[in-house]
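S.K.: For what it's worth, my numbering labels the leading residue of the sequence shown as 19, then goes sequentially.
Where a beta carbon is used, it is the ideal one built from N, C-alpha and C, also for glycine.
The structure displayed is predicted, hence computed values, not measured ones.
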Amino acid sequence: MTSSTESPSTPLCILGAGPHGLALALHLHQAAPDIAERAIVLDPSGSWLTVWREQFERLGIDVLRSPSVHHPSPDPGALFAFVQEHGLGRSGLTYDQPMSSAFMRFCTSIIDDAGLTDPIPERAMRIGSAGDHLRIETSGGSLLAERLVVASNPHRRQIPSWVVPLLGCAGPTINHAADIDLRSLSDLSGQRVVIVGGGLSAGHLAVGACARGAAVHLVARRPLMVRSFDTDPGWLGPKHLRAFDATESPTQRLAQASAARGGGTMPDWMVNRLHELAAEGRLCIRAGVPIATADTINGHYELTLADNTTITGDLLWLATGTIPDLRSLRALSPVLPDIATVDGYPVPDRDLRIGRHPVHVMGRLATLELGPAAGNLWGARMAARRITHAITGVDFEAIPAGPGSGRGRFSRR
Ligand SMILES: Cc1cc2nc3c(=O)[nH]c(=O)nc-3n(C[C@H](O)[C@H](O)[C@H](O)COP(=O)(O)OP(=O)(O)OC[C@H]3O[C@@H](n4cnc5c(N)ncnc54)[C@H](O)[C@@H]3O)c2cc1C
Numbered sequence: 019m020t021s022s023t024e025s026p027s028t029p030l031c032i033l034g035a036g037p038h039g040l041a042l043a044l045h046l047h048q049a050a051p052d053i054a055e056r057a058i059v060l061d062p063s064g065s066w067l068t069v070w071r072e073q074f075e076r077l078g079i080d081v082l083r084s085p086s087v088h089h090p091s092p093d094p095g096a097l098f099a100f101v102q103e104h105g106l107g108r109s110g111l112t113y114d115q116p117m118s119s120a121f122m123r124f125c126t127s128i129i130d131d132a133g134l135t136d137p138i139p140e141r142a143m144r145i146g147s148a149g150d151h152l153r154i155e156t157s158g159g160s161l162l163a164e165r166l167v168v169a170s171n172p173h174r175r176q177i178p179s180w181v182v183p184l185l186g187c188a189g190p191t192i193n194h195a196a197d198i199d200l201r202s203l204s205d206l207s208g209q210r211v212v213i214v215g216g217g218l219s220a221g222h223l224a225v226g227a228c229a230r231g232a233a234v235h236l237v238a239r240r241p242l243m244v245r246s247f248d249t250d251p252g253w254l255g256p257k258h259l260r261a262f263d264a265t266e267s268p269t270q271r272l273a274q275a276s277a278a279r280g281g282g283t284m285p286d287w288m289v290n291r292l293h294e295l296a297a298e299g300r301l302c303i304r305a306g307v308p309i310a311t312a313d314t315i316n317g318h319y320e321l322t323l324a325d326n327t328t329i330t331g332d333l334l335w336l337a338t339g340t341i342p343d344l345r346s347l348r349a350l351s352p353v354l355p356d357i358a359t360v361d362g363y364p365v366p367d368r369d370l371r372i373g374r375h376p377v378h379v380m381g382r383l384a385t386l387e388l389g390p391a392a393g394n395l396w397g398a399r400m401a402a403r404r405i406t407h408a409i410t411g412v413d414f415e416a417i418p419a420g421p422g423s424g425r426g427r428f429s430r431r
């Protein structure tokens, strides 16, 4: 990878150095090292996987939800082999989900092995057409790119309607899970924390708040749903994807993908932990009753549930998720009118290209082509394969590499 100031023209610019941008860089490195060498990766953090690492550390998450075959490397078996080779700790969970620390160590190792340099610490500010290229103006300069891959995970926060009247009021702070850093909250004793949401992040926040001595309410609009993974594994193969692929209407595809993800769910080990905390009297679970209204009274919150019961709290934490939205990437505004979208989701072709400009998408933005697991680590590898094939003609799918089959098996078609 190179620097924007040294080389204002590049065959490929990747926006975002998260797991998805990394997966593409690694696939390209194997398939076409010459292109990978001249590609430019932009990420304001200036390092790989910053948001990923931060979201795990902020919420105190020490194990992944997905099994160890899912990670940015082209070889599905590489993480498992790495953990064994280095004698790293295992989670002992049913699907041998990797420990967060092992996952990060593995990623650092594959970044080093591929010789990837740090991303350029700049943010894309404006992306416009320049003949058959794109001109990308960044926080530090500008560059011309033959192709752009959006791997920056643009999204907006999901804010429940009952929260909206509170937003302009003076009162205690409302935090979205994306802003909460449990590391900076060493002691919450005497605090009443209300956590809203039924997903795994809500569970981690509840465990973290209890550990810090808070009196915690976990409020979810439906009963806690136990599911090992956030998306049924049938969506990672033909079982569900065949019908999805056969659906032509992007609106119907979005409806299928949204239904498949449903609301928040938690693996059994988290639900069991929450019930233990409830049995110890440290947590009150109010699941299955939606919140109707909310008010601030004397410096605390009062939430009224649909069954007319009330909950008071000093801190209100919203673990209500985020929604992908291409429009949140303001830099793309000049080319947005040329891109078809449904509720903020772009409509990509098989190469994950959107519209007439040489722009591809990865992550949740690829949902209408890859299905509901597009934003997960599984989706990172799928999108990396598709885009690598579009750029180089190299097909990683032609000879599927099973676990332990060795790195970098692919063919050219
Ligand atoms: C708490 C949590 C746990 C998760 N655990 C799992 C799991 O165990 N397994 C799984 O499969 N999935 C998991 N996911 C889902 C998903 O894999 C992660 O959200 C993952 O971080 C998504 O990767 P990404 O590369 O799309 O986006 P991100 O990790 O968000 O990376 C995007 C990058 O783009 C950069 N960026 C933003 N704007 C710009 C710009 N304008 N220009 C340049 N760069 C920009 C950001 O700085 C960031 O580094 C989890 C999600 C969360 C929230």
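Just how far apart, CA to CA, sit T385 and G208?
M.R.: The straight-line gap from Cα to Cα measures roughly 43 Å.
S.K.: State the Cα-Cα distance for the pair G217 and D52, rounded to the nearest angstrom.
M.R.: Approximately 42 Å between the Cα atoms of the pair.
S.K.: Got a sec: does ligand 1 put a non-hydrogen atom nearer than 7 Å to the Cβ of P37?
M.R.: The answer is yes for P37.
S.K.: If you measure from the CB of H88, is any heavy atom of ligand 3 nearer than 7 Å?
M.R.: Ligands in the displayed structure: ligand 1; ligand 3 is not one of them.
S.K.: How many Å lie between R56 and P376 at the Cα?
M.R.: Rounded to the nearest angstrom, the two C-alpha atoms are 17 Å apart.
S.K.: Less than 8 Å between the C-beta atoms of R174 and D343, yes or no?
M.R.: Result yes, Cβ atoms of R174 and D343 sit closer than 8 Å.
S.K.: Can you find the residues in the same chain that come closer than 6 Å, C-beta to C-beta, to A43, ignoring five residues on each side of it along the sequence?
M.R.: So the list reads L134, once near-sequence residues are dropped.
S.K.: Secondary structure at N193, three-state DSSP: helix, strand or coil?
M.R.: If DSSP states are grouped into helix, strand and coil, N193 belongs with the strands.
S.K.: Can you find a heavy atom of ligand 1 that lies under 7 Å from the Cβ of I213?
M.R.: False, no ligand heavy atom lies under 7 Å from that Cβ.
S.K.: Ligand 1 and N394: does any heavy atom of the ligand fall closer than 7 Å to the residue's C-beta?
M.R.: Indeed, a heavy atom of ligand 1 lies less than 7 Å from the Cβ.
S.K.: Using beta-carbon positions only, say whether L321 and T314 come within less than 8 Å of one another.
M.R.: Not closer than 8 Å, so no.
S.K.: Where in the segment 53-140 do unbroken runs of the alpha helix (DSSP H), each at least 4 residues long, occur, reported from the N-terminal end onward?
M.R.: 68-76, 96-103 and 118-132, all fully within the segment 53-140.
S.K.: Expressed to the nearest angstrom, what Euclidean distance is found between the alpha-carbon atoms of D454 and S246?
M.R.: Here the chain comprises residues numbered 19 to 431, so residue 454 is not present and cannot be evaluated.
S.K.: In chain order, what are the residue ranges of uninterrupted alpha helix (DSSP H) at least 4 long that sit wholly in the segment 258-337?
M.R.: Entirely contained in the segment 258-337, the alpha helix (DSSP H) runs reaching 4 residues are, in chain order, 268-279 and 286-297.
S.K.: What are the boundary residues of the alpha helix (DSSP H) that includes A391?
M.R.: Segment: none, A391 is in no alpha helix (DSSP H) and carries neither H nor E.
S.K.: I need the boundaries of the beta strand (DSSP E) containing A148, first residue and last residue.
M.R.: A142 to A148 is the extent of the beta strand (DSSP E) around A148.
S.K.: When you compare each of Q115, V168, A310 and A163 to G34 by their alpha carbons, which one comes out closest?
M.R.: It is V168.
S.K.: Any heavy atom of ligand 1 closer than 7 Å to the CB of T68?
M.R.: Result yes, Cβ under 7 Å from ligand 1.
S.K.: Please report the straight-line C-alpha distance between I145 and A402, rounded to a whole angstrom.
M.R.: Roughly 22 Å between the two C-alpha positions.
S.K.: With a 10 Å radius around its C-beta and 16 neighbouring C-beta atoms as the bar for buried, classify P285 as buried or exposed.
M.R.: The residue is buried, with at least 16 neighbouring Cβ atoms inside 10 Å.
S.K.: What do you reckon, is the C-beta of P285 under 7 Å from a heavy atom of ligand 1?
M.R.: The answer is no for P285.
S.K.: Ignore the nearest five residues each way along the sequence and tell me which others in A148's own chain have a CB closer than 8 Å to its CB.
M.R.: Closer than 8 Å at the Cβ level, and outside the excluded window around A148, lie L162.
S.K.: According to DSSP, is P364 helix, strand or coil?
M.R.: P364 falls in the strand class under three-state DSSP.
S.K.: Within a Cβ cutoff of 6 Å, which residues of the same chain sit near R239, ignoring the five residues on either side of it in sequence?
M.R.: P308, listed in sequence order.
S.K.: Using a threshold of 8 Å, state whether the C-beta atoms of A142 and I154 are closer than that.
M.R.: The answer is yes: Cβ separation under 8 Å.
S.K.: What does DSSP give as the partner residues of G217 in its beta bridges?
M.R.: Looking at the DSSP assignment, G217 forms no beta bridge with any residue, so it has no partner.
S.K.: In angstroms, rounded to a whole number, what distance separates the CA positions of V379 and T406?
M.R.: Approximately 12 Å, taken between the alpha carbons.
S.K.: Does the segment 292-306 come into contact with the segment 221-231, if we say contact requires no fewer than three beta-carbon pairs (one atom in each stretch) closer than 8 Å?
M.R.: With a cut-off of 8 Å, the segment 221-231 and the segment 292-306 count as touching, because enough Cβ pairs lie within range.
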